[in-house]
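Enquirer:
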Amino acid sequence: MFCILLAGACNNRSYKDTLFCELDKEIQDTLLFINQHCFEEGYDTIDLIDFSGNCKLSVKFLSSWVISKQIVDTVNKKSVSLPTNAPMPYIVHNNTIYYPYEYNLLVFGFKNKTKFRTIKMK
(Lines of atoms letter the chains of each structure in order from A and count residues from 1; the text may use other names and numbers.)
(Lines give C-alpha, C1' and ligand atoms only; values in the text may rest on other atoms or scores of the structure.)
Protein backbone atom coordinates (compact mmCIF):
# COMPACT_ATOMS: atom_id res chain seq x y z
CA MET A 1 0.00 0.00 0.00
CA PHE A 2 2.85 2.37 0.85
CA CYS A 3 4.39 1.80 -2.61
CA ILE A 4 1.14 2.79 -4.30
CA LEU A 5 0.98 6.05 -2.34
CA LEU A 6 4.65 6.76 -2.96
CA ALA A 7 4.30 6.17 -6.71
CA GLY A 8 1.36 8.58 -6.84
CA ALA A 9 3.27 11.22 -4.89
CA CYS A 10 6.21 11.06 -7.31
CA ASN A 11 4.08 11.76 -10.35
CA ASN A 12 5.27 15.04 -11.89
CA ARG A 13 2.78 15.41 -14.74
CA SER A 14 2.15 19.00 -15.72
CA TYR A 15 -1.41 20.23 -15.41
CA LYS A 16 -3.08 23.37 -16.63
CA ASP A 17 -6.31 25.01 -15.51
CA THR A 18 -8.91 25.95 -18.11
CA LEU A 19 -12.14 27.87 -17.55
CA PHE A 20 -15.41 26.63 -19.02
CA CYS A 21 -15.58 29.70 -21.28
CA GLU A 22 -12.13 28.77 -22.69
CA LEU A 23 -13.12 25.21 -23.64
CA ASP A 24 -13.73 24.36 -27.29
CA LYS A 25 -17.28 25.28 -28.33
CA GLU A 26 -18.03 21.62 -29.11
CA ILE A 27 -17.22 20.66 -25.50
CA GLN A 28 -19.27 23.55 -24.07
CA ASP A 29 -22.30 22.67 -26.21
CA THR A 30 -22.08 18.98 -25.28
CA LEU A 31 -21.85 19.69 -21.55
CA LEU A 32 -24.74 22.17 -21.67
CA PHE A 33 -26.87 19.70 -23.67
CA ILE A 34 -26.23 16.90 -21.15
CA ASN A 35 -26.87 19.29 -18.25
CA GLN A 36 -30.22 20.33 -19.74
CA HIS A 37 -31.28 16.69 -20.24
CA CYS A 38 -30.16 15.70 -16.73
CA PHE A 39 -32.35 18.43 -15.32
CA GLU A 40 -35.42 17.92 -17.54
CA GLU A 41 -35.47 14.17 -18.14
CA GLY A 42 -33.56 12.61 -15.25
CA TYR A 43 -30.81 11.62 -17.68
CA ASP A 44 -28.09 9.41 -16.21
CA THR A 45 -24.80 11.24 -15.83
CA ILE A 46 -21.88 10.20 -18.03
CA ASP A 47 -18.42 9.25 -16.74
CA LEU A 48 -16.46 9.67 -20.00
CA ILE A 49 -17.17 11.94 -22.97
CA ASP A 50 -14.80 10.89 -25.75
CA PHE A 51 -14.90 12.94 -28.95
CA SER A 52 -12.34 10.63 -30.62
CA GLY A 53 -14.23 7.40 -29.98
CA ASN A 54 -10.89 5.70 -29.20
CA CYS A 55 -10.72 5.97 -25.41
CA LYS A 56 -12.07 4.00 -22.50
CA LEU A 57 -12.11 4.62 -18.78
CA SER A 58 -10.43 1.94 -16.68
CA VAL A 59 -11.20 1.96 -12.95
CA LYS A 60 -9.60 -0.57 -10.58
CA PHE A 61 -10.92 -1.40 -7.14
CA LEU A 62 -9.53 -2.97 -4.00
CA SER A 63 -12.72 -4.16 -2.32
CA SER A 64 -14.92 -1.04 -2.45
CA TRP A 65 -11.99 1.41 -2.69
CA VAL A 66 -11.01 2.97 -6.01
CA ILE A 67 -7.25 2.48 -6.30
CA SER A 68 -6.67 3.68 -9.86
CA LYS A 69 -8.35 5.53 -12.71
CA GLN A 70 -6.92 5.66 -16.20
CA ILE A 71 -8.08 6.89 -19.56
CA VAL A 72 -6.70 4.57 -22.21
CA ASP A 73 -6.45 5.46 -25.91
CA THR A 74 -6.97 2.02 -27.46
CA VAL A 75 -5.74 3.06 -30.93
CA ASN A 76 -2.59 5.07 -30.11
CA LYS A 77 -1.78 2.95 -27.03
CA LYS A 78 -1.49 5.96 -24.71
CA SER A 79 -2.86 6.19 -21.20
CA VAL A 80 -3.18 8.87 -18.55
CA SER A 81 -3.66 8.18 -14.86
CA LEU A 82 -6.14 10.39 -13.04
CA PRO A 83 -6.44 11.12 -9.33
CA THR A 84 -8.83 8.61 -7.79
CA ASN A 85 -10.97 11.45 -6.42
CA ALA A 86 -11.14 13.44 -9.69
CA PRO A 87 -14.72 14.63 -10.32
CA MET A 88 -16.53 13.45 -13.45
CA PRO A 89 -17.16 13.78 -16.33
CA TYR A 90 -13.81 13.10 -17.97
CA ILE A 91 -13.66 14.67 -21.42
CA VAL A 92 -11.27 13.60 -24.19
CA HIS A 93 -10.92 16.10 -27.03
CA ASN A 94 -7.97 16.51 -29.45
CA ASN A 95 -5.58 14.39 -27.36
CA THR A 96 -6.40 16.41 -24.25
CA ILE A 97 -8.24 15.30 -21.13
CA TYR A 98 -10.40 17.73 -19.16
CA TYR A 99 -12.17 17.19 -15.85
CA PRO A 100 -13.89 19.66 -13.52
CA TYR A 101 -12.65 20.68 -10.09
CA GLU A 102 -16.13 20.36 -8.59
CA TYR A 103 -18.54 17.45 -8.24
CA ASN A 104 -22.09 17.18 -9.68
CA LEU A 105 -21.68 19.86 -12.34
CA LEU A 106 -23.63 17.85 -14.92
CA VAL A 107 -26.60 18.23 -12.59
CA PHE A 108 -26.00 21.72 -11.17
CA GLY A 109 -24.69 23.34 -14.36
CA PHE A 110 -21.62 25.14 -15.60
CA LYS A 111 -20.65 28.80 -15.36
CA ASN A 112 -18.05 30.62 -17.44
CA LYS A 113 -15.69 30.61 -14.43
CA THR A 114 -16.05 26.85 -13.77
CA LYS A 115 -12.50 25.44 -13.64
CA PHE A 116 -11.32 22.33 -15.44
CA ARG A 117 -8.01 20.56 -15.06
CA THR A 118 -6.34 19.97 -18.43
CA ILE A 119 -3.90 17.13 -19.18
CA LYS A 120 -2.25 16.48 -22.56
CA MET A 121 -2.12 12.83 -23.63
CA LYS A 122 1.50 12.09 -24.49
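The numbering used here puts the first residue of the sequence shown at 932, with every later residue one more than the last. Note that the Cβ used here is the ideal one computed from N, Cα and C, for glycine as well. None of the values given here were measured: they were computed from a predicted structure.
Tell me whether D948 sits in a helix, a strand or coil according to DSSP, three-state version.
Expert: It is a strand residue.
Enquirer: Output yes or no for whether 8 Å exceeds the beta carbon distance between L962 and F1041.
Expert: Going by C-beta atoms, L962 is nearer than 8 Å to F1041.
Enquirer: Given a threshold of 16 other Cβ atoms within 10 Å of its Cβ, counted over all protein chains shown, does I1047 qualify as buried or as exposed?
Expert: It should be pointed out that residue 1047 corresponds to Phe in this sequence rather than to Ile. Burial call: buried.
Enquirer: To the nearest angstrom, how far is it from the Cα of K1044 to the Cα of V1006?
Expert: In a straight line, the C-alpha of K1044 is about 34 Å away from that of V1006.
Enquirer: Could you give the residue range of the alpha helix (DSSP H) that holds L1036?
Expert: Note, L1036: alpha helix (DSSP H), L1036 to F1039.
Enquirer: For the putative contact between I977 and I965, defined by C-beta atoms under 8 Å, what is the C-beta separation to the nearest angstrom?
Expert: About 6 Å; that satisfies the 8 Å criterion.
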